[in-house]
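Novice: In terms of the UniProt record's numbering, the sequence shown has 262 at position 262, counting the first letter as 1, and numbering is strictly consecutive. Backbone N, C-alpha and C define an ideal beta-carbon position, used for all residues, glycine too. On a predicted model such as this, the values are computed, not experimentally measured, just so you know.
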Amino acid sequence: FSCGGVKKAPEDNLSEVSGFQVDLITHVVSSEDDTVVEGGKNKCKRVHHKKQVQCCQPASPQAAVMSSAQERRASFARRAESLIERRYAVNTEKSGEIIVTVQGDLTQQEKRAVFLTVHDLGCNHASFEEFVNSACMIEIKERSCFIHIDVPGHADNAPNLAENFQFPSLQLLGEELITVLDFLHVKYVIGLGEGAGANVLARFGLAHPSRLLGLILINVTGSAASVMEAFKTKFISWKGNELGQSAEDFLLYHKFGYQLVGDNPDKEKIVAEFQSRLHSSLNNKNLKQYVKAFMNRKELPLKNCKVDLLMITGVMSPYAGVVEKLYKDLNKEKVTLLKVERAGDVLADAPAKVAQSILLFCKGQGLLTSVAMPGIDRNRAFSTSSGGSTDGTPGSRRLSRGMSMEDYDKPNIRRLSVTINEQLPPIKK
C-alpha cells in the first residue's frame, strides 16, 4: 500500500515538562455516605499527548525528535500518576472498617496492572509500600496501581478496636476483600501477599476466582496450625497494650527466621528497624488479634485454586519447608516456586529478585508487556518483538506501527478467553 508520509504534529514545548509539579492527594472516603474529604489540592498540570500518525515510510529526523519528546512526556505523566496516593475507609459487613491505601490512578486501570496486597503479622501496608517504592520496582510501579490493605486495627497509630468487636478469621477476611474491589470499582487484580496476608489472599482467590488474574504468595502456609505451634502460642506474653519479650521474639522469628542466627552483619539493624515499628506506629493490642487469627487458621485447600500461582520463599525463612511441602501437593501446570538463597525476609533481602519474578509472572498473564526485563535494552526488545529478530529473520509477532506505549501497556487478559488448538499433533510418548 502507499501513503503520504508522516503527518507532523506541533513542536513540543519542553518547558511545560520542566515545570511539572504534583502534590499528593489524600482522600478519606466512608462507604456509607461516599463523602470525599480532600487533604491536598491537585496542582498537577495535565499533559495532553499529541497523536502522531505513522506510516511505512522512514520517519524524518524532526519526527524522531518529536517522538522522543512525546515519550518523555508520557514517562513524566506515568510517574506523576504513580505518585498519586489516596486513602479510603471501607466498611465491610462482618470485618468492620478496613483502611485501604491506593498508589496510582485507578481511573487508568484498563491500561495498568492492578495489584491487591495484604501484609504479614507485625506489619501494615507500609511494608509493601516500601517495596513498591524501591528502585527495582520503578518501571512496574509506573505502569501499575497498588491497592494496599490494612487488616482491621493495623493502620498507623490506629486506636484500639472496640471491646465487643469480633476480629475476623483469615477465611472471613479473604471473603470480605471483594467489598473493597466493588467499592473501588476494580474488575481484576493480581494478589500479592506475605505470610498471614498471603493466606488471606489465597482464600480470597478461592472464594472469588473471577476477580483474580493470578496470585503471588510469599511464605504462604497451607496447613492449619500444628499442635506444637498452638502450644507455643499459649506462652506468648502480652502486657496489656504492650508486647512482651516472648511475643516480640515470636514476631521476629516469624518475619526473619534463621537469618537472625549466625554472624549476619545487618542483623542488629534489621531487628532494630522492625522493633521500632512494633513499638511506635502499630497498635499491639490489635496486633494480638491478628496473631490469634493466624494461629487459629484452618487448612488452605489450594488444590482447588483456579488461577495461576507464584510462590516465593527464602531459604532462611522458618516457613521454607512448609512452602515446599505445599508446592509438592499442587498442580505444577498452575504453580511456580521461587526459592531465594541467603534470604529470610525476601522483600527486604532480595527485592530485585522478587521484582523480576513478579514481572515475569505478570508477563505470563498478558500484563506489563512493555516493561523490559533487567539487562535487556528496551529499544532492542521492542524492535525484536515488533517483527524482526536479532539475526534478521522475521519475528513471529508483529506489532502495529501505530500502537502507542499506552496501548501496548493495556492488559491482555488471556486467561478469560483460553482456547485449545485442536490441530496440534499429538505428543509422542
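Threshold first: 4 residues or longer. Then list the alpha helix (DSSP H) segments lying entirely within the stretch 105-159, N to C.
Specialist: List check, alpha helix (DSSP H) in window: 126-132 and 138-142.
Novice: Leaving out the 5 sequence neighbours to the left and right, which residues in its chain are closer than 8 Å to Val340 when beta-carbon positions are compared?
Specialist: Along the sequence shown, read from residue 1 onward, the residue named residue 340 stands at position 340. Around Val340, the same chain offers Ile312, Thr313, Gly314, Val315, Val346, Asp349, Ala350, Lys353 and Val354 as residues with beta carbons nearer than 8 Å, after the five sequence neighbours per side are excluded.
Novice: With respect to the alpha helix (DSSP H) encompassing Leu282, which residues constitute its N-terminal and C-terminal limits?
Specialist: What you label residue 282 is simply residue 282 of the sequence shown in a count that begins at 1. Where Leu282 is concerned, there is no enclosing alpha helix (DSSP H), given that its DSSP letter is neither H nor E.
Novice: Where are the beta strand (DSSP E) runs, 3 residues long or more, that stay fully inside the stretch 167-215, in chain order?
Specialist: 189-194
Novice: So with Cβ pairs under 8 Å, would you call His125 a contact of chain C?
Specialist: As a matter of chain content, chain C is missing from the structure shown, which is built from one protein chain.
Novice: Quick check: what's the CA-CA separation for Thr107 versus His208?
Specialist: Counted from its first residue, the sequence shown places residue 107 at position 107. Counted from its first residue, the sequence shown places residue 208 at position 208. The straight-line gap from Cα to Cα measures roughly 23 Å.
Novice: Round the Cβ separation of Val322 and Val180 to the nearest angstrom and send it over; I've been treating them as touching at under 8 Å.
Specialist: As a first step, residue 322 is located in the sequence shown; it is residue number 322 there, counting from the start. As a first step, residue 180 is located in the sequence shown; it is residue number 180 there, counting from the start. With 8 Å as the limit, Val322 and Val180 do not qualify as a contact, their Cβ atoms being about 28 Å apart.
Novice: Applying the criterion that 16 or more other CB atoms from any shown protein chain within 10 Å of the CB defines a buried residue, is His185 buried or exposed?
Specialist: Position 185 of the sequence shown holds residue 185. Looking at its Cβ environment, which holds fewer than 16 other Cβ atoms inside 10 Å, His185 is exposed.
Novice: Drop a sphere of 10 angstroms on the beta-carbon of Gln109, count the other beta-carbons inside from all chains shown, and report buried for 16 or more, exposed for fewer.
Specialist: Against the sequence shown, residue 109 aligns to sequence position 109. Gln109 is buried by the Cβ-count criterion.
Novice: I need the DSSP call for Val371, collapsed to helix, strand or coil.
Specialist: On the sequence shown, residue 371 is found 371 positions in, with the first residue counted as 1. Coil at Val371, not helix or strand.
Novice: Using C-beta distances below 8 Å, list every residue in its chain close to Glu299, excluding the 5 sequence neighbours before and after it, in chain order.
Specialist: As a position in the sequence shown, residue 299 is number 299, starting the count at 1. Within the same chain, Glu299 has close Cβ partners Gly222, Ser223 and Ala224.
Novice: How is the alpha helix (DSSP H) around Tyr327 delimited, first residue to last?
Specialist: In the sequence shown, the residue the question calls residue 327 occupies position 327. Counting along the chain, the alpha helix (DSSP H) containing Tyr327 begins and ends at Ala320 to Lys328.
Novice: Taking the continuous beta strand (DSSP E) assigned at Val100, which residues delimit it?
Specialist: If you number the sequence shown from 1, residue 100 lands on position 100. Note, Val100: beta strand (DSSP E), Glu97 to Gln103.
Novice: Under a Cβ-count criterion, where at least 16 other Cβ atoms within 10 Å of its own Cβ denotes burial, should Arg86 be classed as buried or exposed?
Specialist: Working through the sequence shown from its first residue, we reach residue 86 at position 86. By the neighbour-count rule (16 or more Cβ atoms within 10 Å), Arg86 is buried.
Novice: Check whether the stretch 133-144 touches the stretch 273-290, taking contact to mean three or more Cβ pairs, one atom from each stretch, closer than 8 Å.
Specialist: no
Novice: Opposite Ile218 in the DSSP bridges: which residues?
Specialist: The residue you call residue 218 lines up with position 218 of the sequence shown. DSSP, once it has assigned bridges, lists Glu194 and Ile312 as partnering Ile218.
Novice: Looking only at its own chain, which residues have a Cβ that is under 6 Å from the Cβ of Leu177, when we skip the five neighbours before and after it?
Specialist: Here the question's residue 177 lines up with position 177 in the sequence shown. Same-chain partners within the cutoff: Phe204.
Novice: Can you tell me the Cα-Cα spacing of Leu201 and Ile149, whole angstroms?
Specialist: Position 201 of the sequence shown, counted from the start, is the residue given in the question as residue 201. Position 149 of the sequence shown, counted from the start, is the residue given in the question as residue 149. When rounded, the distance between both Cα atoms is 11 Å.
Novice: Taking all protein chains shown into account, do 16 or more other C-beta atoms lie within 10 angstroms of the C-beta of Ala198, making it buried, or fewer, making it exposed?
Specialist: Taking the sequence shown and counting its residues from 1, the one referred to as residue 198 is at position 198. Counting Cβ neighbours within 10 Å, Ala198 comes out buried, since at least 16 surround it.
Novice: Between residue 432 and His154, which are expected to be in contact by the criterion C-beta below 8 Å, what is the C-beta distance as a whole number of angstroms?
Specialist: A query on residue 432 cannot be resolved here, the shown segment of the chain reaching from 1 to 429 and no further.
Novice: Specify the secondary structure class of Glu248 as computed by DSSP and reduced to three states.
Specialist: As a first step, residue 248 must be located in the sequence shown, where it is residue number 248. In this structure, Glu248 counts as helix in the three-state DSSP scheme.
Novice: Assuming Leu360 is part of the alpha helix (DSSP H), what are its boundary residues?
Specialist: Mapped onto the sequence shown, residue 360 falls at position 360. Per DSSP, Leu360 belongs to the alpha helix (DSSP H) from Pro351 to Gly364.
Novice: Determine the burial state of Pro152: buried for a count of at least 16 other Cβ atoms within 10 Å of its Cβ, exposed for fewer.
Specialist: Mapped onto the sequence shown, residue 152 falls at position 152. Flag for Pro152 reads buried.
Novice: Pull up the CB-CB distance for Gly214 and Val307, whole angstroms please, since I reckon it's below 8 Å.
Specialist: Locating residue 214 in the sequence shown gives position 214, where the first residue counts as 1. Locating residue 307 in the sequence shown gives position 307, where the first residue counts as 1. With a Cβ gap of about 5 Å, Gly214 and Val307 count as contacting.
Novice: What does the alpha-carbon distance come out to for the pair Arg171 and Glu97?
Specialist: Locating residue 171 in the sequence shown gives position 171, counting from the first residue. Locating residue 97 in the sequence shown gives position 97, counting from the first residue. Going by the sequence as given, residue 171 is Gln instead of Arg. Distance between the alpha carbons of Gln171 and Glu97: 17 Å.
Novice: Note down the Cα distance separating Pro318 from Ala113, rounded to an integer number of angstroms.
Specialist: Mapped onto the sequence shown, residue 318 falls at position 318. Mapped onto the sequence shown, residue 113 falls at position 113. The straight-line gap from Cα to Cα measures roughly 31 Å.
Novice: With distances taken Cα to Cα, identify the nearest neighbour of residue 477 among Glu130, Asn219, Tyr327 and Thr92.
Specialist: Nothing can be reported for residue 477: it is not among the residues displayed for the chain, which extend from 1 to 429.
Novice: Residues in the same chain with beta-carbon distance under 7 Å from Ala381, minus the five sequence neighbours each way, listed in chain order, please.
Specialist: Translated into the one-based positions of the sequence shown, residue 381 becomes position 381. For Ala381, the predicted structure reports a pLDDT of 46, less than 50, and the residue's modelled location is therefore unreliable. The matter cannot be settled from this model.
Novice: From what residue to what residue does the beta strand (DSSP E) around Lys339 run?
Specialist: Here residue 339 refers to the residue found at position 339 of the sequence shown. In the DSSP assignment, Lys339 falls within the beta strand (DSSP E) that extends over Val335 to Val340.
Novice: Closest to Asp329 by CA distance: which of Thr336, Leu337, Lys303 and Ala343 is it?
Specialist: As a position in the sequence shown, residue 329 is number 329, starting the count at 1. Nearest C-alpha to Asp329: Lys303.
Novice: Using DSSP with H/G/I as helix, E/B as strand and the rest coil, what is Val307?
Specialist: Looking up residue 307 in the sequence shown gives position 307. In the structure shown, Val307 sits in coil (DSSP, three-state: anything other than H, G, I, E or B).
Novice: Between which two residues does the beta strand (DSSP E) holding Tyr88 run?
Specialist: Here residue 88 is taken as the residue at index 88 of the sequence shown, counted from 1. The continuous beta strand (DSSP E) containing Tyr88 extends over residues Glu85 to Asn91.
Novice: If we ignore side chains and look at the alpha-carbon of each, how far apart do Gly392 and Ser370 end up?
Specialist: Within the sequence shown, the letter at position 392 stands for residue 392. Within the sequence shown, the letter at position 370 stands for residue 370. With a pLDDT of 42 at Gly392, under the threshold of 50, the predicted position of this residue should be treated as unreliable, though the coordinate-derived value follows. Gly392 and Ser370: Cα-Cα distance of roughly 22 Å.
Novice: If you drop the 5 nearest sequence neighbours on each side, which residues of the same chain put their C-beta closer than 7 Å to that of Phe131?
Specialist: Residue numbering aside, residue 131 sits at position 131 when the sequence shown is read from its first letter. So the qualifying residues of the chain are Met137, Leu347 and Pro351.
Novice: How about Leu360 and Asn124: are their beta carbons less than 8 Å apart?
Specialist: Mapped onto the sequence shown, residue 360 falls at position 360. Mapped onto the sequence shown, residue 124 falls at position 124. Cβ atoms of Leu360 and Asn124: not closer than 8 Å.
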